[in-house]
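For the sequence shown, UniProt numbering gives the first residue as 1, with consecutive numbering after it. Cβ coordinates follow ideal geometry from the N, Cα and C atoms, glycine included. Encoded as structure tokens, the structure appears first; notes follow it.
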Amino acid sequence: MNFILAPCFNEQVTICTFLKKLEEVLTPLKEEFRVVIVDDCSQDNTLNLLSTFNFKAQHIQLNVLHLKFNIGHQGAIYQGLLYIGEQSPAAVIIMDCDGEDDPAAIPELLQNKTYDIVEVKRGKRSEGIQFRCAYFLYKMLFRFVTGKTIDFGNYCLINKNIIERIKHTSFVHLPAYLLKQKASTTFITYNRGKRIDGRSKMGYKGLLLHAFKSMIEFAEDLLLLFFRLFVVLMIIFLLVSSNVLYQKFITHTAIPGWFSTLAISLIILAVLCMGFFITGILLLNLMHQQNIKSFKEIYAVIPKAEL
Numbered sequence: 001m002n003f004i005l006a007p008c009f010n011e012q013v014t015i016c017t018f019l020k021k022l023e024e025v026l027t028p029l030k031e032e033f034r035v036v037i038v039d040d041c042s043q044d045n046t047l048n049l050l051s052t053f054n055f056k057a058q059h060i061q062l063n064v065l066h067l068k069f070n071i072g073h074q075g076a077i078y079q080g081l082l083y084i085g086e087q088s089p090a091a092v093i094i095m096d097c098d099g100e101d102d103p104a105a106i107p108e109l110l111q112n113k114t115y116d117i118v119e120v121k122r123g124k125r126s127e128g129i130q131f132r133c134a135y136f137l138y139k140m141l142f143r144f145v146t147g148k149t150i151d152f153g154n155y156c157l158i159n160k161n162i163i164e165r166i167k168h169t170s171f172v173h174l175p176a177y178l179l180k181q182k183a184s185t186t187f188i189t190y191n192r193g194k195r196i197d198g199r200s201k202m203g204y205k206g207l208l209l210h211a212f213k214s215m216i217e218f219a220e221d222l223l224l225l226f227f228r229l230f231v232v233l234m235i236i237f238l239l240v241s242s243n244v245l246y247q248k249f250i251t252h253t254a255i256p257g258w259f260s261t262l263a264i265s266l267i268i269l270a271v272l273c274m275g276f277f278i279t280g281i282l283l284l285n286l287m288h289q290q291n292i293k294s295f296k297e298i299y300a301v302i303p304k305a306e307l
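Here it is as structure tokens:
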């Protein structure tokens, strides 16, 4: 059976419209589908709306997971994958329910489900020019740090091999996590749609947190960058020191005072880089211990009768 996973939080305006659009796409398909909506402890009427919704097509089922407390978008996806991983899925399509991920891409995703990962790369975006510029700078920074290009979001298809890996590890940023997996990967391209309610929840603060979380998945690469910077600074310090000693004792042309200022500045930068490196090592160890313990399930599967 194929699963479709969509997290939601306070989506009372969009959730029913999303499910109807999803049904329009899935109805002509001959395969069995189970749609899993993970309610991230919504404070509005989202859960009640889900309780009264039923798909007309017999080959589409709806399951609702209600989280005991709000853990954020990525955490909700992780909890949904923990649940789906126990259901022997053939493949899982992960998407947002706000309308920005076009359900029309699903048939093409399923055509490529022999791959471990099928990414839906973004074509044209609907956000304003300022947001697109900020997002472009984020992608450039990500590529500089990791050497990889991240041009897809949560909208993707993963098979049971990737789900099994996720069950025994964890992630804080799904796209970055998938990007570093050694697995067969392909992609399709679809334009990013507009939110059903017309209002995007991703502001500049959200984009900044989004960037930080993606860097956490590549923490080793970030540490290596700081270590390389430390090495470069030390090499520059040694070269400058050698030049100053040569000018002072051989040519007698050294300018008094400038060497000590430069040397102190370089030493401070080197110490800062090493400090970041050591701090990063400690954080990596903490993350590793967290992965060993893994996250426990905090969802409740709510039967239709109780909704």
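By alpha-carbon distance to L81, the top candidate from L22, D221, K167 is K167. In this structure, I84 lies near F3, with their beta-carbon atoms less than 8 Å apart. At a Cβ-Cβ threshold of 8 Å, D197 and V13 count as neighbours.
DSSP, read as helix, strand or coil, puts K113 in coil. Annotation for G153: the continuous beta strand (DSSP E) segment containing it runs 152-159.
The straight-line gap separating the alpha-carbon atoms of V271 and N154 is approximately 38 Å. Under the 10 Å beta carbon count, Q79 is surrounded by 16 or more other beta carbons and is classified as buried.
Between the alpha carbons of N112 and I60 lies a gap of roughly 21 Å. Excluding sequence positions up to five before and after M215, its CB lies within less than 7 Å of the CB of V145, L222, all in the same chain and listed in chain order.
For H59, the secondary structure class from DSSP, reduced to helix, strand or coil, is coil.
Here E100 is buried, its C-beta having at least 16 other C-beta atoms within 10 Å. Between D96 and G193, the C-beta spacing is not below 8 Å. Annotated as proximal: D98 and E11, with beta-carbon spacing under 8 Å. Positions of the beta strand (DSSP E) runs, each at least 3 residues long and wholly inside the region 63-142, are given as 91-94, 117-122 in order along the chain.
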